[in-house]
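Chemist:
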Amino acid sequence: MKAEAKWSPQVLRLSFSYNGVDSEKFISRWKRTEISEDIKEAKVRHLTYTDPVTQLRLLVHLKDYKEFNAYDWYAEFENRGTIDTPIIENILPLDLTLSIEDKERVFLHHAKGSLCRMDDFLPITTEIGTVTDGFHNTVDRITLNAVGGRSSNGTLPFMNLQSGEGGLVICVGWSGQWMADFKRKDSALRIRAGMENTHLLLHSKEKIRTPRILLLSWDGNDPIAGNNLLRRMILEYYAPRLKGEPVIPPVAFNTMYAYYQKKEVSQEYELKAIERSGELGIEAYWLDACWYGEGKEWWQEAGNWFVNKDRFPSGLKPIGEAAKKKGLKFVLWFEPERVRKGSDIEGDHPEYMLRTTLDPDTMLFNLGMPEARAFITDRISKIISESGVTIYRQDFNMDPLPYWRQADPDDRVGMSEIRHIEGLYAMWDELLKRHPGLAIDNCSSGGRRIDLETVSRSFPLWRSDFSDVPGLSYGVAISVGDQSQNSGLSRWIPFHTGAAWKFKPYEFRSTMSSGVVFYYDIREKDFPVEDAKRAIEELKSLRYFFLGDFYPLHPLTVSYSDWCAFQFHRPDLDSGFAVFLRRHESPFVSMEIGLKAIDPGAEYEISVASGFETPPAKRASGRELKKINIMIPEMPGSALLRYKKI
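Residue 648, in the numbering used here, is where the sequence shown stops; the numbers in between run on with no holes.
Written out as structure tokens, the structure is:
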């Protein structure tokens with residue numbers, strides 16, 4: 003598989019149609035300029051193409067990351083003329099053709115997104131072949147896309163293309179309705195990605211942006227090498243930072259379970275939660291969808307963004323102050339984009355709403371309207387300031403795509419989506435600017451807005467609603483879902499968390515990552531305090547390994563009779579850990595597994611723990627760790643192997 007990786011003003015890796023003509027047929031005749039600068043991590047280039055007739059300008063912003071052999075770019079279209087442009091359509095910021103040998107095997111490694119299912123983020127491998135190549139399970143074309151207008155709803159917008167001695171990681175940074183199409187024909191593989199539908203004119207002085215694209219090349223035979231380069235790159239150049247360090251998701255306690263079960267929420271009750279959180283070693287107190295409105299069901303109150311004074315007569319300031327006194331972060335839930343009929347905001351500002359006949363009782367708050375965005379940003383910012391919020395949680399429990407499409411006239415298809423997504427980024431950037439140190443949780447029904455743009459501003463503190471009360475939270479199957487979501491998502495991004503319902507090693511190790519969310523009510527008399535403390539201590543002792551490379555040690559499935567095994571390794575420390583999980587119906591007492599990134603000629607200090615207590619360390623050779631037998635008598639059961647090169 004070969005591709006011309008370097009960008010030049012003469013070779014565009016994007017395409018569009020203008021006035022019915024494909025860009026490749028005319029772009030060479032447009033006036034071309036380039037401005038370049040070198041920054042610490044990359045060479046930055048701004049490539050400009052201007053149509054001499056209509057004054058439509060295409061501006062490509064490109065970063066060439068030398069250290070990673072990676073290219074990041076997005077484009078803008080601006081009408082610098084005095085009248086409307088002709089129709090611009092099929093805007094694809096990635097349009098790249100790779101040369102493929104006739105018998106060369108090509109594999110696309112991709113993943114499910116979140117749909118509140120046990121197999122959320124489960125990895126998938128599709129062979130892109132031809133109908134005559136003799137291989138099984140091949141397709142000559144595959145198209146991936148988001149579902150309903152949220153970027154990781156159904157499909158994760160991260161992909162890894164493998165062929166021969168290496169491959170190409172492809173990321174789409176767009177928090178709306180994206181698509182990626184891979185088509186093999188003869189000796190070529192064409193890759194196209196961008197928004198699913200664009201067919202629009204631009205008014206005079208109007209400007210729009212495209213999705214962001216990241217291409218990252220990798221060498222070797224194992225595609226996880228590409229995934230780990232992506233994880234490293236996200237950590238180094240994309241993840242939000244505070245005082246120079248990546249913002250790591252906390253160990254948090256979410257009080258929503260008590261609200262679901264008892265409808266109990268009050269200042270007094272929440273202060274008890276904060277007190278207990280501090281005793282356990284929890285790092286963040288989380289008030290979810292039960293603090294606002296007039297006392298109806300939480301989902302009915304969307305659009306009533308004022309504190310419920312019956313529950314919190316003094317507002318949320320005492321809550322924030324109590325959390326701060328205990329050294330806790332304060333997580334507060336919002337859902338600004340969904341608005342219910344009859345709510346405060348819908349009544350005061352009906353002009354801020356996008357509507358659809360499919361659901362007349364639910365509206366989409368139009369973040370693409372500048373005055374609407376300013377209004378909701380000010381409303382949220384005021385609550386953050388008054389309450390001492392340190393983690394802003396933005397949920398989004400609806401599919402926006404039907405609203406965008408109904409709002410678009412025939413000559414502006416895609417415009418409502420573009421403006422909304424631009425507005426989302428602008429709102430988050432403004433909140434981060436106004437509140438230094440603020441972190442953002444991108445929830446969106448649990449893990450449905452994870453993409454390159456959102457991970458540069460936020461993290462998913464709740465990676466799947468499968469862990470919520472309406473799911474299988476009380477059964478043994480919840481841990482299988484935790485393993486799928488945890489191991490599946492860790493292949494692509496370094497930061498995410500899920501719910502912990504139980505605090506025994508098997509259940510906790512199934513869900514723990516760089517953070518975790520306590521969902522069972524810690525205020526209950528039967529809450530297992532000592533188990534929870536030991537679980538938190540174990541996570542914190544492993545936390546910085548979660549920032550290292552990730553290795554799946556066994557094929558990931560959601561079969562109850564299987565095992566799950568994975569490893570985190572810090573190359574800079576020559577150490578790491580591996581987790582082995584025997585599921586509740588697995589007949590296999592032991593498994594032989596080889597650790598990754600191990601020097602076979604070196605000696606290591608290792609320990610293997612079934613419980614939270616770490617046993618005395620022993621020595622083992624790297625050669626032994628390349629072929630180690632792990633025994634787990636319990637069903638279900640787990641083992642934690644720690645290792646360090648001597």
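Cβ atoms here follow ideal geometry from the backbone N, Cα and C, with glycine treated the same way.
1) Do S460 and G480 have their beta-carbon atoms positioned less than 8 Å apart in this structure?
2) Rounded C-beta distance between Y645 and S577? I'm assuming under 8 Å.
3) For K647, which three-state DSSP category applies?
4) What did DSSP end up calling K33 once you bin it into helix, strand or coil?
5) Between the alpha carbons of D40 and S458, how many angstroms are there, rounded?
6) Around the C-beta of R31, are 16 or more other C-beta atoms found within 10 angstroms, so that it is buried, or is it exposed?
7) Take the Cβ of K504 as the centre, count every other Cβ of all protein chains shown within 10 Å, and call the residue buried at 16 or more, exposed below.
8) Ignore the nearest five residues each way along the sequence and tell me which others in Y2's own chain have a CB closer than 6 Å to its CB.
9) For my contact list, T128 and P88 are in at a C-beta cut-off of 8 Å; report their separation, rounded to the angstrom.
10) In angstroms with no decimal places, state the Cα-to-Cα distance between A501 and A641.
11) Measuring straight from C-alpha to C-alpha, what distance separates R421 and M371?
12) Would you identify the three-state DSSP class for M633, choosing helix, strand or coil?
13) Which residues bound the alpha helix (DSSP H) around V267?
14) Does the distance from the C-beta atom of C445 to that of W430 stay below 8 Å?
15) Buried or exposed: Y546, going by 16 or more other Cβ atoms within 10 Å of its Cβ?
16) Skipping 5 residues on each side, what residues in its chain have a beta carbon closer than 7 Å to that of N162?
17) Does the beta-carbon distance from L237 to P248 come in below 8 Å?
18) Under three-state DSSP, which class holds M429?
19) Starting from the N-terminal side, write out each stretch of the beta strand (DSSP E) that is 3 residues or longer and does not extend beyond the segment 502 to 568.
20) Assign N2 to one of two classes, buried (16 or more other C-beta atoms within 10 Å of its C-beta) or exposed (fewer than that).
21) I need the straight-line Cα distance from P125 to F568, nearest angstrom please.
22) Name, in chain order, the residues that DSSP records as bridge partners for P352.
23) Drop a sphere of 10 angstroms on the beta-carbon of K42, count the other beta-carbons inside from all chains shown, and report buried for 16 or more, exposed for fewer.
24) How is T157 classed by DSSP in three states: helix, strand or coil?
25) Does the contact criterion of 3 or more C-beta pairs under 8 Å hold for the segment 206 to 215 versus the segment 67 to 77?
26) For the beta strand (DSSP E) holding L117, just list the boundary residues, first then last.
27) Let's test the definition: count the other Cβ atoms within 10 Å of the Cβ of F614 and tell me whether it reaches 16, buried, or not, exposed.
28) Exposed or buried, which one is G246 when buried takes at least 16 other CB atoms within 10 Å?
29) Give the secondary structure of V309 by DSSP, where H, G and I count as helix, E and B as strand, and everything else as coil.
30) Give me the Cα-Cα distance between S612 and P635, rounded to the nearest whole angstrom.
31) Does any residue of chain D have a CB that is nearer than 8 Å to the CB of Y405?
32) With R278 and R525 assumed to form a contact (beta carbons below 8 Å), what rounded beta-carbon distance in angstroms separates them?
33) Grouping DSSP H, G and I as helix and E and B as strand, with all else coil, what is R234?
34) Going by DSSP in three states, P248 sits in which element: helix, strand or coil?
35) Which residue's Cα is closest to the Cα of T392: I321, A374, D453?
36) What are the start and end residues of the alpha helix (DSSP H) that includes I385?
Modeler: Straight from the coordinates:
1) Taking the first residue of the sequence shown as 1, we reach residue 480 at position 478. Taking the first residue of the sequence shown as 1, we reach residue 460 at position 458. According to the sequence provided, residue 480 is Ile. The question's Gly does not apply to it. No, the pair does not count as a contact, with Cβ atoms beyond the cut-off.
2) In the sequence shown, residue 645 corresponds to position 643, counting from 1. In the sequence shown, residue 577 corresponds to position 575, counting from 1. About 6 Å separates the two Cβ atoms, so the contact holds.
3) Here residue 647 is taken as the residue at index 645 of the sequence shown, counted from 1. Three-state result, K647: strand.
4) What you label residue 33 is simply residue 31 of the sequence shown in a count that begins at 1. In this structure, K33 counts as strand in the three-state DSSP scheme.
5) Translated into the one-based positions of the sequence shown, residue 40 becomes position 38. Translated into the one-based positions of the sequence shown, residue 458 becomes position 456. Distance between the alpha carbons of D40 and S458 is about 21 Å.
6) Position 29 of the sequence shown holds residue 31. So R31 counts as exposed.
7) Start at 1 with the first residue of the sequence shown, and residue 504 comes out as number 502. With 16 or more Cβ atoms within 10 Å of its Cβ, K504 is classed as buried.
8) Absent from the model: residue 2. The displayed extent of the chain is 3 to 648, so no value can be given.
9) Position 126 of the sequence shown, counted from the start, is the residue given in the question as residue 128. Position 86 of the sequence shown, counted from the start, is the residue given in the question as residue 88. The Cβ separation is near 37 Å, so there is no contact.
10) Within the sequence shown, numbered from 1, the residue matching residue 501 stands at position 499. Within the sequence shown, numbered from 1, the residue matching residue 641 stands at position 639. For A501 and A641, the distance between alpha carbons rounds to 20 Å.
11) Residue 421 sits at position 419 when you count from the first residue of the sequence shown. Residue 371 sits at position 369 when you count from the first residue of the sequence shown. If you take the alpha carbons of R421 and M371, they lie about 8 Å apart.
12) Looking up residue 633 in the sequence shown gives position 631. Note: M633 maps to strand in three-state DSSP.
13) Within the sequence shown, residue 267 is the residue found at index 265, counting from 1. No alpha helix (DSSP H) holds V267; DSSP gives it neither H nor E.
14) Against the sequence shown, residue 445 aligns to sequence position 443. Against the sequence shown, residue 430 aligns to sequence position 428. Going by C-beta atoms, C445 is not nearer than 8 Å to W430.
15) If you number the sequence shown from 1, residue 546 lands on position 544. So Y546 counts as exposed.
16) For the purposes of this step, residue 162 is taken as residue 160 along the sequence shown, with counting starting at 1. H111, G169, V171, P225, G228, N229.
17) Locating residue 237 in the sequence shown gives position 235, counting from the first residue. Locating residue 248 in the sequence shown gives position 246, counting from the first residue. Their beta carbons are under 8 Å apart, which means L237 touches P248 by this criterion.
18) For the purposes of this step, residue 429 is identified with residue 427 of the sequence shown, where counting begins at 1. Note: M429 maps to helix in three-state DSSP.
19) 518 to 520, 551 to 554
20) Within the shown structure, residues of the chain are numbered from 3 to 648, placing residue 2 beyond reach of any answer.
21) Position 123 of the sequence shown holds residue 125. Position 566 of the sequence shown holds residue 568. Taking the straight line joining both Cα atoms gives about 14 Å.
22) Residue numbering aside, residue 352 sits at position 350 when the sequence shown is read from its first letter. None; P352 has no bridge partner.
23) Within the sequence shown, numbered from 1, the residue matching residue 42 stands at position 40. Exposed.
24) Numbered from 1 along the sequence shown, position 155 holds the residue referred to as residue 157. In the structure shown, T157 sits in a strand (DSSP, three-state: E or B).
25) yes
26) Start at 1 with the first residue of the sequence shown, and residue 117 comes out as number 115. Looking at the DSSP string, L117 is not in any beta strand (DSSP E), and its letter there is neither H nor E.
27) Numbered from 1 along the sequence shown, position 612 holds the residue referred to as residue 614. The residue in question, F614, is buried, as its Cβ has 16 or more Cβ neighbours within 10 Å.
28) In the sequence shown, residue 246 corresponds to position 244, counting from 1. Counting Cβ neighbours within 10 Å, G246 comes out exposed, since fewer than 16 surround it.
29) Position 307 of the sequence shown, counted from the first residue, corresponds to residue 309. In this structure, V309 counts as strand in the three-state DSSP scheme.
30) In the sequence shown, residue 612 corresponds to position 610, counting from 1. In the sequence shown, residue 635 corresponds to position 633, counting from 1. Looking at the two C-alpha atoms, the distance is approximately 10 Å.
31) This model lacks chain D altogether; it includes just one protein chain.
32) By 1-based counting over the sequence shown, the position of residue 278 is 276. By 1-based counting over the sequence shown, the position of residue 525 is 523. Between R525 and R278 the Cβ distance is about 6 Å, and since that is below 8 Å, they are a contact.
33) Here the question's residue 234 lines up with position 232 in the sequence shown. Three-state result, R234: helix.
34) For the purposes of this step, residue 248 is taken as the residue at position 246 of the sequence shown. Residue state, collapsed to three classes: strand.
35) Residue numbering aside, residue 392 sits at position 390 when the sequence shown is read from its first letter. Comparing Cα positions, the closest option is I321.
36) Within the sequence shown, the letter at position 383 stands for residue 385. Element bounds for I385: 372 to 389.
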